[in-house]
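The sequence shown begins at -8 in this note's numbering and counts up by one.
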Amino acid sequence: MKRIKLFIIVLLIIVLSLTGCKHGKTINADALIVKNLNGLDESKINEYRIDVNLDTENMTYKGKQTVSYVNNTDIDLEDIYFHLYPNAFKSLEKAPILFNIGDEMNPSSYKPGYIEIEKVKIGDKDLQWIIDEDKDTILNIKLEKPLERGKSIDLYLEYMVKLPTTKDRFGYHDKGINLGNWYPIACVYDNNGWNLDPYYKVGDPFYSEVANYKVSITTPKEIIVAASGKIISEREDGDKKTYKIEGQLIRDFAWAASKDFVVKEKKVEDTIIKVYSINNDSKLINESLKIGENSIKIFNKIFGKYPYGWYSIVNTEFPSGMEYPGIVFISNDYFHKYLIDILEKVIVHETAHQWWYGIVGNNQVDEAWLDEGLATYSEVIYINEIQGKKEARKYYDENIKLGYEYAVHYLSENDVVNKPLSEFAGWEDYGPLVYSRAAMFIDKIKEDFGEEVLYDILNNYYNKYKFRIATTEDFITLCEEITNTSFNELINEYLNGN
Ligand SMILES: [Zn+2]
-8 MKRIKLFIIV LLIIVLSLTG CKHGKTINAD ALIVKNLNGL DESKINEYRI
42 DVNLDTENMT YKGKQTVSYV NNTDIDLEDI YFHLYPNAFK SLEKAPILFN
92 IGDEMNPSSY KPGYIEIEKV KIGDKDLQWI IDEDKDTILN IKLEKPLERG
142 KSIDLYLEYM VKLPTTKDRF GYHDKGINLG NWYPIACVYD NNGWNLDPYY
192 KVGDPFYSEV ANYKVSITTP KEIIVAASGK IISEREDGDK KTYKIEGQLI
242 RDFAWAASKD FVVKEKKVED TIIKVYSINN DSKLINESLK IGENSIKIFN
292 KIFGKYPYGW YSIVNTEFPS GMEYPGIVFI SNDYFHKYLI DILEKVIVHE
342 TAHQWWYGIV GNNQVDEAWL DEGLATYSEV IYINEIQGKK EARKYYDENI
392 KLGYEYAVHY LSENDVVNKP LSEFAGWEDY GPLVYSRAAM FIDKIKEDFG
442 EEVLYDILNN YYNKYKFRIA TTEDFITLCE EITNTSFNEL INEYLNGN
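Written as structure tokens, this is what we have:
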């Protein structure tokens, strides 16, 4: 009798713990899991508090957004600028649809996207703002009195956004919605002044600083939301559901929504990895989770610890892969049993961007090679750890070197790797230069100085610039310090030539 009772209790515990894990109720993590903020004073970074209400009938959302904006520049500011990326989708010919492919490129079925700013206020006071017709992805807010250096203000914005019909970073498709670059985000003021770049069609034309986020997303209740940051709560109210999400020291905030998402999660070294998939193939979902787990473990070990408690891999309608802080979009096209190698490569690449672009930021408009070269070479590092040196060399030769050598015949003689997005013709020169050639530069460092020195450089680069913005000069200076060698020749060979 006793025995049976004990047996039943044990069985009950096992069943409860198993079902608990399955529904994700038993695992949790903070938004930020590291104590070392790399010297950042959290009171000096911007905070975004956004309430967004998604209407899936009309494919619109309303946003109410307060930004506690800190003037970290060396001047008193009379204007503050924000990017309005949704306006890039106003017309099909101008829309930054990746690689100009996909059925959304059909002019007769394209429905445009845009953002309408309805209010800009400080307290009760309405502010003036300007959106130039020919630069409509930039919002210029006129302050009534200058914002002094070191001081902050609470700007309040209200807006309405219409989603376009694109299977891209921003837009909706049959199975859900991708919401990258969906809200007004502050432009960066750096040594060159304000960066007011448009949403270029080539590259990832984004440049931003880390901020704290408190985002409340209300959707129809059948919708499942994947997002940057930590999901604090999910509350149903009638036919609606509200998600409260927090992000700490993240460079941007993206999300995706679908009623079809199948969700699976696992805790790996203090971080909860979640896979959200529009495709209910448990083998591929498990595979994606495993690739995410391996990537986080390897990059934690070699580059430095991923500082966030949450990481989401979203399988959605998308042409390739795209990184945002704490969340990546992965094409459903790769969710196929014969394409696991590509699925792996893309998840690894986008996960590496969490370190290169996300945690260590860079100006992706002016110096795209810096994060793309490192993310591409991180694929080789991953293969080296999982499959060994021989396979890593084979992967490098076939996926990086060969691609560049094939393309080099089509590149003009003065094509250089390190140049702004506006100077690339399109993906056909951007790809071989910014991904492949830049990764060949990183490989050259390994060939010349050894694996240990390269890892030392990457680890130091990560720790020195995490949560901050690094430049090509910063990276090269660090390489020269660690190797005690001038990099002038290497720069000329790899970055300023082809
Ligand atoms: Zn990339």
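Where is the CB? At the ideal position from N, CA and C, for every residue including glycine.
Closest to residue i by CA distance: which of the options is it?
{"i": "L75", "options": "P137, G349, F90 and L187", "result": "L187"}
{"i": "V319", "options": "N172, Y39 and T64", "result": "N172"}
{"i": "A359", "options": "H400, G422, I377 and D324", "result": "G422"}
{"i": "Y174", "options": "N479, D243, Y446 and L138", "result": "D243"}
{"i": "T449", "options": "E480, D406, K126 and W346", "result": "Note on identity: in this sequence residue 449 is Leu, with Thr being the wrong assignment. Nearest option by C-alpha distance: W346."}
{"i": "K250", "options": "D261, N271, I236 and I331", "result": "N271"}
{"i": "T342", "options": "E33, I282 and L118", "result": "I282"}
{"i": "V276", "options": "E335, P310 and V259", "result": "The residue you asked about is not Val; residue 276 is Ile in the sequence shown. The residue with the shortest Cα to Cα distance from I276 is E335."}
{"i": "S369", "options": "I377, V351, V339 and K380", "result": "V339"}
{"i": "S279", "options": "K153, G295 and V253", "result": "V253"}
{"i": "D46", "options": "I208, V179, D362 and V111", "result": "I208"}
{"i": "I222", "options": "V193, F197, S303 and F161", "result": "S303"}
{"i": "Y417", "options": "K192, A20 and Y267", "result": "The residue asked about is misnamed: residue 417 is Gly in this sequence, not Tyr. The shortest C-alpha separation from G417 is found at K192."}
{"i": "Q355", "options": "G194, L130, E124 and N27", "result": "G194"}
{"i": "P155", "options": "I176, W185, P98 and K112", "result": "P98"}
{"i": "K158", "options": "P310, N451, Y397 and E363", "result": "P310"}
{"i": "Y401", "options": "T463, L424, L118 and G220", "result": "L424"}
{"i": "I473", "options": "N291, E442, K231 and I214", "result": "E442"}
{"i": "L28", "options": "V351, E256 and Y101", "result": "V351"}
{"i": "M431", "options": "A218, D388, I460 and D406", "result": "D388"}
{"i": "Y101", "options": "M151, I41, N63 and G162", "result": "G162"}
{"i": "E396", "options": "N183, S427 and Y386", "result": "S427"}
{"i": "E404", "options": "D420, L412, S413 and P411", "result": "D420"}
{"i": "T262", "options": "Y297, N285 and A383", "result": "Y297"}
{"i": "K110", "options": "M151, L83, I377 and I129", "result": "M151"}
{"i": "Y147", "options": "G488, I176 and G167", "result": "I176"}
{"i": "K257", "options": "A202, N285 and K235", "result": "N285"}
Do you know how far the Cα of residue j is from the Cα of residue i?
{"i": "I264", "j": "G104", "result": "31 Å"}
{"i": "N353", "j": "G229", "result": "44 Å"}
{"i": "P211", "j": "E149", "result": "21 Å"}
{"i": "V206", "j": "P316", "result": "14 Å"}
{"i": "V305", "j": "A248", "result": "10 Å"}
{"i": "T10", "j": "A22", "result": "With a pLDDT of only 43 at T10, under the threshold of 50, the placement of this residue in the model should not be trusted; the figure read from the coordinates follows. C-alpha separation (whole angstroms): 24 Å."}
{"i": "D165", "j": "N483", "result": "48 Å"}
{"i": "I227", "j": "T233", "result": "First, the amino acid is wrong: residue 227 is Glu here, not Ile. Roughly 6 Å separates the two Cα atoms."}
{"i": "I269", "j": "I88", "result": "21 Å"}
{"i": "E139", "j": "K288", "result": "44 Å"}
{"i": "D115", "j": "D70", "result": "19 Å"}
{"i": "D465", "j": "K153", "result": "40 Å"}
{"i": "E471", "j": "S477", "result": "6 Å"}
{"i": "A79", "j": "N475", "result": "45 Å"}
{"i": "V266", "j": "S273", "result": "11 Å"}
{"i": "Y452", "j": "G30", "result": "15 Å"}
{"i": "Y508", "j": "T57", "result": "Residue 508 lies beyond the range of the chain shown here (-8 to 489); nothing can be said about it."}
{"i": "P77", "j": "L118", "result": "22 Å"}
{"i": "D181", "j": "E213", "result": "43 Å"}
{"i": "K81", "j": "D123", "result": "14 Å"}
{"i": "Y60", "j": "Y198", "result": "16 Å"}
{"i": "K435", "j": "D67", "result": "44 Å"}
{"i": "C12", "j": "K112", "result": "Confidence in C12 is poor, its pLDDT being 43 and thus under 50, which makes the residue's placement unreliable; the coordinate value appears in the next sentence. Roughly 45 Å separates the two Cα atoms."}
{"i": "I121", "j": "H344", "result": "34 Å"}
{"i": "A504", "j": "V259", "result": "An answer regarding residue 504 cannot be provided, because it is not within the stretch -8 to 489 covered by the chain."}
{"i": "P565", "j": "I106", "result": "This structure cannot speak to residue 565, because the chain is shown only from -8 to 489."}
{"i": "G295", "j": "K126", "result": "39 Å"}
{"i": "A245", "j": "R160", "result": "9 Å"}
{"i": "S413", "j": "N63", "result": "27 Å"}
{"i": "Y190", "j": "Y204", "result": "23 Å"}
{"i": "K26", "j": "L240", "result": "12 Å"}
{"i": "I24", "j": "E237", "result": "13 Å"}
{"i": "F415", "j": "A461", "result": "22 Å"}
Does the beta carbon of residue i sit closer than 8 Å to a beta carbon anywhere in chain D?
{"i": "I241", "result": "No chain D is part of this structure, which consists of one protein chain only."}
### Message
Under 6 Å, CB to any heavy atom of ligand 1. Which residues pass, going along the chain?
### Response
H340, H344, E363 and A366
#### Entry: Stretch-stretch touch, CB-based, cutoff 8 Å, three pairs: the segment 136 to 146 with the segment 41 to 52
no
### Query
Fully enclosed by the segment 307 to 394, which beta strand (DSSP E) runs are 3 residues long or longer?
312 to 315 and 318 to 322
### Query
What are the start and end residues of each continuous alpha helix (DSSP H) run of 4 or more residues lying completely inside the segment 446 to 479, in chain order?
463 to 474
### 4-residue-minimum alpha helix (DSSP H) runs that sit fully inside the segment 71 to 116, ordered along the chain
none
### Task
Specify whether the segment 380 to 393 and the segment 323 to 335 touch according to this definition: at least 3 beta carbon pairs, one from each stretch, less than 8 Å apart.
no
### Query
With a cut-off of 8 Å, do at least 3 Cβ pairs link the segment 122 to 140 to the segment 37 to 44?
no
### Task
Let me know the alpha helix (DSSP H) ranges lying completely inside the segment 165 to 216, each 4 residues or longer, listed in chain order.
none
### Every unbroken alpha helix (DSSP H) within the segment 393 to 449, with a cutoff of 4 residues, ordered by chain
393 to 398, 418 to 421 and 429 to 440
### Query
Which ranges would you report for the beta strand (DSSP E) in the segment 28 to 56 if only whole runs of at least 3 residues count?
38 to 46
### Query
Whole alpha helix (DSSP H) runs in the segment 261 to 310 with 4 or more residues, listed along the chain?
273 to 293
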